[in-house]
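One structure below.
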Amino acid sequence: MTNDSHSKIKQLDNDYTRQVASDHQGYQQRRLQVRRRRFIAIVAVFGALLLCFGFQLINTRASLRTVNRQVATSQVKLNKVQTKHTQLDTQIKQLNNKDYLQKLLRSKYDYTKSGETVYSLPNDNASDVTAN
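Following our numbering, the numbering of the sequence shown begins with 944 at its first residue and continues without gaps.
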């Protein structure tokens, strides 16, 4: 078929063809309106979901920050307790040592053996064996 065959076709201009054309045009407009409404509804639903998940994400990040702060403070407290525990373990080991225990009893509690005489000198300021 050539371009000449298309130019030979003529459209009738009567009431029926006008009515069919207007019905077809109305149908196209309604279809376009339905598609627009559907598009708006879909965008609204996705927007609502995005807002909901965005809020949850922000809320979760805030909770995570709070928990991280609590973990950091707990870690500091744990380090202090571990240091104290190490010091107490050292003291326990020293108290199990008989020589240290004797020095501690003699200096802190002025303990003496029977028949022993203790002389206090002016240079002797150390009241605690652990200060040495």
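Ideal Cβ positions, reconstructed from N, Cα and C, are used throughout, including at glycine. What you are looking at is a predicted structure, and each value in this text was computed from that prediction instead of being measured.
If I follow the unbroken alpha helix (DSSP H) through residue i, where does it start and stop?
i, result
"Lys1046", "1041-1052"
Quick one: what does DSSP say residue i is sitting in, helix, strand or coil?
i, result
"Lys1020", "helix"
"Asp1032", "helix"
"Leu1038", "helix"
"Asn1002", "helix"
"Ser1057", "coil"
"Gln954", "coil"
"Leu1064", "coil"
What residues in its chain sit with their C-beta under 6 Å from that of residue i, if we drop five residues either side in the sequence?
i, result
"Leu955", "none"
Assuming residue i contacts residue j (C-beta within less than 8 Å), just tell me the rounded distance between them.
i, j, result
"Leu1038", "Leu1044", "6 Å"
Spatial neighbours of residue i within its chain, please: C-beta separation below 8 Å, excluding the five flanking residues on both sides.
i, result
"Leu1048", "Tyr1054"
"Val963", "none"
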